[in-house]
Every structure is written in structure tokens, then in C-alpha cells.
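As given, the protein sequences belong to chains A and B, one line each in that order. The working numbering puts the first residue of the first sequence at 1151, with every later residue one more than the last. The working numbering puts the first residue of the second sequence at 82, with every later residue one more than the last. Glycine included, each C-beta is placed from N, C-alpha and C at the ideal position. Let me begin by presenting the structure, written as C-alpha cells, before commenting on it.
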Amino acid sequence: MDLSLSTRTEGDRTIVEVGGEIDVYTAPRLREQLVDLVADGKYHLVVDMERVDFLDSTGLGVLVGGLKRVRAHDGSLRLVCTQERILKIFRITGLTKVFPIHSSVEEAVGATE
Amino acid sequence: MATVELRFSALPAHVRTARLVAAAVARRSGVDEGVLDEVRLAVGEACSRAVHLHRRHCPDRPVLVTLVDDEDAFRVAVTDEAPAEPGGGEGFGALTDVADLVDAEAVPPGVGLAVIAGLVDDVVVEQGRDSGLVVRMTWPTG
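Following this line, the structure appears as C-alpha cells:
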């Protein structure tokens, strides 16, 4: 399955809904999306990964790159993920300490630092 | 002889092909259904790493994946031909500090190996015959 991307705004948060596979082939499109949002002045991002079927280290790298960009503007990047197989990759790489991971978009949107 | 052998040009799009083939052969070999995700991810990581290095050093050379259905195990070997990167620091210990990753614009190849090491119980990384590395991963079959 290919990568699907859609964005919407809730208050000062921008929700990026990602579906399909984030790998070495599709990750550049996600990177481009995140770069565009930051260039557009969207510094508080919520990446909804509930419909992601596959994530590899290239995808992790893009998310980390996104985090770097929003942090440069005192922004935030929160993830929404409850899928065990995806969460496992964040745990293996220690990235659960880097990203706030929420169990719903509502929870992520309502979260403050 | 390998049950299935796959040789592909070092293009990101073909990493997905390798993942699909590996998962299909693993299923046929009797790898537990719950472990197939792990096979898919680990083979994908090993192939992404190889593609990344080939594109940098030897874009015309193919990446080799061998999939073997043994009596009681499913064995995968991903072989690249890229020369060792000077001071590459690649290895299972590469991801010692998450801050390193945050500072890097792209994920270094070592992170892929770190993910494989975290996922797969039986993994060995060897020097290839001429250059490059062979990542060998084994899963038990039922």
C-alpha cells in the first residue's frame, strides 16, 4: 500500500493524518509535507499514525527531522499511535523518550508541554 | 542453494519488493504468522541500508537477498558490495545516544542495524567476500 497524507487544522494545531507505508521509498513525501507545513508557519504538529501499516528507520528519521524543524520555532510534534507493531519500533530505538505519543488525536490536541 | 534468490538494482522502490518477497517466502516456510511483521521490517531495514550504501558507492551494482527454507529455520542473507565507510562507526552500538539521531538530518545506516538487532534474536553481521557486509537473520519455523 502506498503512502497517503492529509492535513487539517484544529485551533493552533495542524493534524497530519498518515496512512499506508512509510519507508525508504515514500518517506521523502512525508518529509516534504512536514517541511512545507513549517515553512507555512505551522509549528504545532500532531502526526496521526493510526492508519500506518508499516514504518521503518527512514520514516523515523523523517519524524525526527520534523521535530527538529518545529523545535527551532519553539513548536511541538506529537504522535498519535496505539498500534503495538509501530510502537515497538519507537521503543527499540529509544525514541519514545523523544516524542510525546498519544492514544488519540483529541488527547494530542489537548496536550500542553 | 537458496530457495529464493533476489537481485535488485539499488533503488528505494525495490526495497518494498524485497519485503513482500521475503514475507511470502517466510510464510511458505512456516514462520509464525505473528512474526511476519518482524521479518518484513528486518529485511526492509537490511535492504534500505544496502540501497543507501550502494547509491553512494556503487549505484550500478545490485543488492542480493537470499531466502532459504531450511528444515527448522527460515534464513535470510542481505549482501551489499559497498566499501566500508571510513570512520563510519556503523554497528549495533551505533545508536547509543538518541541525541545523535536528532542532530542528524538523515538516519545513519547504523540505525537500521540497531533496529534489526532489537527485533531479531538470531542475527549475525559478517564481512562480505570482497567488500561490503552480509546481514544474516534466522527465524525458527514450526
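List the residues of chain B whose Cβ lies closer than 7 angstroms to the Cβ of Arg1163(A), in chain order.
Those within 7 angstroms of Arg1163(A) in chain B number zero; the least Cβ separation is about 22 angstroms.
Which residues in the same chain as Arg108(B) place their Cβ atom closer than 8 angstroms to its Cβ, once the five residues preceding and following it in sequence are excluded?
Glu114 and Leu117
Assign Ser1254(A) to one of two classes, buried (16 or more other C-beta atoms within 10 Å of its C-beta) or exposed (fewer than that).
exposed
Residues that Ile1242(A) contacts on chain B, provided the C-beta gap is smaller than 8 angstroms:
Ala195, Val196, Gly199 and Leu200
What residues in the stretch 118–130 of chain B have a beta carbon less than 9 angstroms from any beta carbon of chain A?
Asp118, Glu119, Arg121, Leu122, Gly125, Glu126, Cys128, Ser129 and Arg130
Where the beta strand (DSSP E) through Glu86(B) begins and ends:
Val85 to Phe89
Determine, using beta carbons only, whether Arg97(B) comes closer than 9 angstroms to chain A.
yes
Closer than 8 angstroms by beta-carbon distance: list the chain B residues that pair up with Asp1186(A), in chain order.
By Cβ distance, chain B contributes nothing, its closest Cβ being about 17 angstroms from Asp1186(A), past 8 angstroms.
Please classify Gly1191(A): is it buried, with 16 or more other beta-carbons within 10 angstroms of its beta-carbon, or exposed?
exposed
Where Glu1171(A) falls, given that 16 or more other Cβ within 10 Å makes a residue buried:
buried
Burial state of Gly144(B) (16 or more Cβ within 10 Å)
What sits at residue 144(B) in the sequence shown is Val, not Gly. Under this definition Val144(B) is a buried residue.
Can you grab the Cα-Cα spacing for the pair Glu162(B) / Ile1236(A), in whole Å?
30 angstroms
Is it the case that the Cβ atoms of Leu1153(A) and Val1166(A) are separated by a distance below 9 angstroms?
no
Do Arg100(B) and Val124(B) have their C-beta atoms closer together than 9 angstroms?
yes
CB contact flag (Leu1195(A), Val1174(A), <9 angstroms)
no
Across which residues does DSSP place Met218(B) in a beta bridge pair?
Val157(B) and Val204(B)
Whole angstroms is fine: what's the gap from Leu134(B)'s alpha carbon to Gly1260(A)'s?
42 angstroms
Would Val116(B) count as contacting chain A if we go by Cβ distances under 9 angstroms?
no
Going by Cα to Cα distance, which pick from Ala1177(A), Asp1198(A), Leu1210(A) and Val1248(A) is closest to Arg1163(A)?
Asp1198(A)
Following the continuous alpha helix (DSSP H) through His1223(A), name the residue where it begins and the one where it ends.
Note, His1223(A): premise wrong, no alpha helix (DSSP H); not H, not E.
Give a yes or no on whether 9 angstroms exceeds the smallest Cβ distance from Arg1235(A) to chain B.
yes
Quick one, which of Val157(B), Glu119(B) and Val192(B) has its alpha-carbon nearest Gly1244(A)'s?
Val192(B)
Any chain A beta carbon closer than 9 angstroms to Pro143(B)
no
Based on the DSSP output, what are the partners of Ile1117(A) in its beta bridges?
Residue 1117(A) lies beyond the range of chain A shown here (1151 to 1263); nothing can be said about it.
With respect to the alpha helix (DSSP H) encompassing Asp150(B), which residues constitute its N-terminal and C-terminal limits?
It is not in any alpha helix (DSSP H) - Asp150(B) instead sits in the beta strand (DSSP E) that spans Val144 to Asp150.
Quick one: is Gly1215(A) buried, meaning 16 or more other Cβ sit within 10 Å of its Cβ, or exposed?
buried
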